[in-house]
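A.B. asks:
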Amino acid sequence: MKKQFAIIGLGRFGGSVTKELVEQGADVLAIDSDRTKADEFRDIATQVVIANATDEQVLRELDIPLYEHVVVAIGNDIEASILATLLLSEMGVKHICVKAETDHHEKVLKKIGAHRVLHPEREMGARLAHHLLSDNIVDYIELSSQDTIIEAVATPSLIGRTIQDLNIRALYGCTIIAIRRQGRLMAAPQANEGIQAEDILVLLGPKKAIYAFEKDFIAN
662 MKKQFAIIGL GRFGGSVTKE LVEQGADVLA IDSDRTKADE FRDIATQVVI ANATDEQVLR
722 ELDIPLYEHV VVAIGNDIEA SILATLLLSE MGVKHICVKA ETDHHEKVLK KIGAHRVLHP
782 EREMGARLAH HLLSDNIVDY IELSSQDTII EAVATPSLIG RTIQDLNIRA LYGCTIIAIR
842 RQGRLMAAPQ ANEGIQAEDI LVLLGPKKAI YAFEKDFIAN
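One point on numbering: in the working numbering, the residue at position 71 of the sequence shown is 732, and numbering is uninterrupted.
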């Protein structure tokens, strides 16, 4: 059975999420109060509805409580974002993901029931900064305000050494959770695993720990 998602708000962020989910084979209900934006997704989303997502009756008529995942991607209207999130929480939606505009907005969203809060612009800024600082950073993902995952190309200072020899967890406080090698993912590599040329290391840890490791081993 396909996973079902409801996306509220079809701006740049909500529209991007909608397209990606559809491409991955998911059923997507796309909602926006703006007819022009909604019409852009008529041939993309499974169903498109022009509606006010801050109206509880409308949400119930759309059977929103039956959707396991709902993404609130309302643009700059913080009040509408908060109200929609509150209604979804009261309806018992299992997974509510909301785009936040500010840190204060994020705090409110978490208090009223959002399960995950995203700062797309900030997260993209962080990714870009890491790519600019080092060509060896393949990807950078903020899991929370404290924890980060990076994917980094093995540099000469790492090649030929084992995970045990590097002792990254003790020295830096982060962990190599996987290695991508020749298109294959090696999850939870053994301590005696040697790092090879062209390996991509997947590291998890606190931001400060990741930064320190980057500085010593990854930066150009």
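Backbone N, C-alpha and C define an ideal beta-carbon position, used for all residues, glycine too. Since the structure is predicted, the reported quantities are computational estimates derived from the model, not experimental observations.
How long is the line joining the alpha carbons of A734 and A849, rounded to whole angstroms?
C.D. replies: Cα to Cα, A734 sits roughly 35 Å from A849.
A.B. asks: In three-state terms, what does DSSP make of T816?
C.D. replies: Reduced to three states, the DSSP call for T816 is coil.
A.B. asks: How about V731 and V678: are their beta carbons less than 8 Å apart?
C.D. replies: Contact flag unset, no.
A.B. asks: Taking 6 Å as the limit between beta carbons, can you name the residues of its chain near A813, skipping five residues before and five after?
C.D. replies: Answer for A813: N797, I798, L862, I879, listed in chain order.
A.B. asks: Exposed or buried, which one is T715 when buried takes at least 16 other CB atoms within 10 Å?
C.D. replies: When all chains shown are included, T715 counts as buried.
A.B. asks: Under 8 Å by Cβ, that's how I've got I773 and L747 pegged, so tell me the actual separation to the nearest angstrom.
C.D. replies: That pair is a contact at about 5 Å.
A.B. asks: Does R696 come out as helix, strand or coil in the three-state DSSP assignment?
C.D. replies: Correct three-state label for R696: helix.
A.B. asks: Mind checking whether L804 and I837 have CB atoms under 8 Å apart?
C.D. replies: In this structure, I837 does not lie closer than 8 Å to L804 by Cβ.
A.B. asks: Figure out for me which residue from V759, Y833, A761 has the closest Cα to the Cα of K876.
C.D. replies: Closest option to K876, Cα to Cα, is Y833.
A.B. asks: Please confirm whether L690 and A712 have their CB atoms less than 8 Å apart.
C.D. replies: Cβ distance not < 8 Å, so L690 and A712 don't count as in contact.
A.B. asks: With a CB to CB cut of under 8 Å and the five nearest residues on each side skipped, what residues in its chain are close to L770?
C.D. replies: Correct list, in chain order: S742, I743, T746, V759, A761, V778.
A.B. asks: Taking the Cβ atom as the reference point for each residue, do Q665 and E729 lie within a distance shorter than 8 Å?
C.D. replies: Their beta carbons are under 8 Å apart, which means Q665 touches E729 by this criterion.
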